[in-house]
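Engineer: Counting along the sequence shown from 1, when you hit position 228 you're at 216 in this note's numbering, and nothing is skipped either side.
Even for Gly, the Cβ is constructed at its ideal location relative to N, Cα and C.
Before I ask anything, let me first share the structure, which is written out below as structure tokens.
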Amino acid sequence: MQRAERLIRLTQLMMERPLHAISLASLAEQWGVAKSSLSEDVATIRQTIADAERGTVETLVGVQGGVRLRSGVPTDERVTFLNNLARTLSEPGRVLPGDFVYMSDVLGDPYVLDTVGRLVAMQFADKAVNVVVTVETKGITLATATARHLNVPIAIVRRDQRVTEGAAISTHYVSGSTRRIQTMSLGKRAMPSEACALIVDDFMRAGATARAVVDLLKEFSAEVVGTAVFMATSQPTTKMVNDYFTLLRVHEVSEHGANVQPALT
-11 MQRAERLIRL TQLMMERPLH AISLASLAEQ WGVAKSSLSE DVATIRQTIA DAERGTVETL
49 VGVQGGVRLR SGVPTDERVT FLNNLARTLS EPGRVLPGDF VYMSDVLGDP YVLDTVGRLV
109 AMQFADKAVN VVVTVETKGI TLATATARHL NVPIAIVRRD QRVTEGAAIS THYVSGSTRR
169 IQTMSLGKRA MPSEACALIV DDFMRAGATA RAVVDLLKEF SAEVVGTAVF MATSQPTTKM
229 VNDYFTLLRV HEVSEHGANV QPALT
């Protein structure tokens, strides 16, 4: 196998599965090439990806040896991406009853989802996350994209307990938007032992849902390392979760539209 082909294939392997450990010893045997040659290839790829701000190639120590890619987004691309999203979501006609902003079309775009997943993963890559937790239904695609770039599974909190989830733990909470008592449940098998969880959702107003998920995860003795949302309101300024990360913030909502601005610079 020629070096140019190795460089392309090795880069593709890392890009397809971020934070997944790739054994250089196994690749050397599979491709019929010296491990030292692969190490030289990795050095080239590492420098190229770093120069392009596309992430960081990490070397794993051990008998087998290996590498993995930590996803990244170039600064200028991140700024343009968030500005474009804010402009789109501020368009007239997106305000729904209850002062919600229509986002379903935006969150149905695979490029948007993948980029959001990378941005959130960058923020929490050092937090030892081993599961991403979300609430059905709109948060599922965002959680999946984030989990892909963190190389961890997702656990979905359901509004109604389902037989297919097996034994589950449920809790009641008061919705921040409707002020109604609602129920959520999470299957016991969905959570890893000694869970270190990242909560991901699409929208936050007062943070009642996120707070309820935090309380629910306490029943699993899980550590919650953070909460990430696609968009949050500027009011109320004090949320029901102590700390959260958001990409966009909506400041004003009227019949003429919403004032959405990037929260991450």
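Which runs of the alpha helix (DSSP H) fall wholly inside the segment 71 to 155 and span at least 4 residues, in chain order?
Structural biologist: 98 to 112, 127 to 138
Engineer: What is the rounded straight-line gap between the Cα of residue 28 and the Cα of residue 34?
Structural biologist: For this step, residue 28 is matched to residue 40 along the sequence shown. For this step, residue 34 is matched to residue 46 along the sequence shown. Taking the straight line joining both Cα atoms gives about 10 Å.
Engineer: Within the chosen definition, does the segment 175 to 187 reach the segment 197 to 213 through at least 3 CB pairs nearer than 8 Å?
Structural biologist: yes
Engineer: Round the Cβ separation of residue 178 and residue 143 to the nearest angstrom and send it over; I've been treating them as touching at under 8 Å.
Structural biologist: Reading the sequence shown from its first residue, position 190 is the one you call residue 178. Reading the sequence shown from its first residue, position 155 is the one you call residue 143. With 8 Å as the limit, residue 178 and residue 143 qualify as a contact, their Cβ atoms being about 4 Å apart.
Engineer: Counting Cβ pairs closer than 8 Å, one from the segment 55 to 63 and one from the segment 74 to 94, do we hit at least three?
Structural biologist: no
Engineer: Figure out for me which residue from 237, 213, 229 has the closest Cα to the Cα of residue 221.
Structural biologist: Within the sequence shown, the letter at position 233 stands for residue 221. Ranked by Cα distance from residue 221, the first of 237, 213, 229 is 237.
Engineer: Which same chain residues, not among the five before or five after residue 175, have their C-beta less than 6 Å away from its C-beta?
Structural biologist: Within the sequence shown, residue 175 is the residue found at index 187, counting from 1. Same-chain partners within the cutoff: 153, 154, 156.
Engineer: Taking 8 Å as the CB-CB cut-off, is residue 219 touching chain D?
Structural biologist: Annotation note: the requested chain D is absent from the structure, which comprises a single protein chain.
Engineer: CB-CB under 6 Å to residue 248, same chain, minus the five flanking residues each way: which ones, in chain order?
Structural biologist: In the sequence shown, residue 248 corresponds to position 260, counting from 1. Correct list, in chain order: 74, 77, 78, 236, 238.
Engineer: Under the DSSP definition of a beta bridge, which residues are partnered with residue 189?
Structural biologist: Translated into the one-based positions of the sequence shown, residue 189 becomes position 201. Its beta-bridge partners are 217.
Engineer: Given a cut-off of 8 Å, decide if residue 19 and residue -9 are closer than it, judged by their beta-carbon atoms.
Structural biologist: As a working note, residue -9 is residue 3 in the sequence shown. As a working note, residue 19 is residue 31 in the sequence shown. Not a contact, by the Cβ cut-off of 8 Å.
Engineer: Under 7 Å Cβ to Cβ from residue 244, same chain only, skipping five residues before and after it: list those, please.
Structural biologist: Within the sequence shown, the letter at position 256 stands for residue 244. Within the same chain, residue 244 has close Cβ partners 80.
Engineer: Got a sec, what are the start and stop residues for the beta strand (DSSP E) residue 249 sits in?
Structural biologist: In the sequence shown, counting from the first residue as 1, residue 249 sits at position 261. Segment 245 to 250, the beta strand (DSSP E) holding residue 249.
Engineer: I'd like to confirm the pairing. Which residues does DSSP put opposite residue 160 in its beta bridges?
Structural biologist: The residue given as residue 160 occupies position 172 in the sequence shown. Residue pairing by DSSP places residue 160 opposite 171 in a beta bridge.
Engineer: In the DSSP assignment, find the alpha helix (DSSP H) that holds residue 201 and state where it starts and stops.
Structural biologist: The count along the sequence shown starts at 1 and reaches residue 201 at position 213. First-last of the alpha helix (DSSP H) with residue 201: 196 to 206.
Engineer: Which of the three DSSP states is assigned to residue -3 in this structure?
Structural biologist: As a working mapping, residue -3 is identified with position 9 in the sequence shown. Here residue -3 sits in helix by DSSP.
Engineer: Would you call the CB atoms of residue 121 and residue 201 closer than 8 Å?
Structural biologist: The residue given as residue 121 occupies position 133 in the sequence shown. The residue given as residue 201 occupies position 213 in the sequence shown. In this structure, residue 201 lies closer than 8 Å to residue 121 by Cβ.
Engineer: Can the beta-carbon of residue 116 be found closer than 8 Å to that of residue 188?
Structural biologist: In the sequence shown, residue 116 corresponds to position 128, counting from 1. In the sequence shown, residue 188 corresponds to position 200, counting from 1. For residue 116 and residue 188, no; Cβs fall outside 8 Å.
Engineer: Would you decide whether residue 6 is buried or exposed? Buried here means 16 or more other CB atoms lie within 10 Å of its CB.
Structural biologist: For the purposes of this step, residue 6 is taken as the residue at position 18 of the sequence shown. Under this definition residue 6 is a buried residue.
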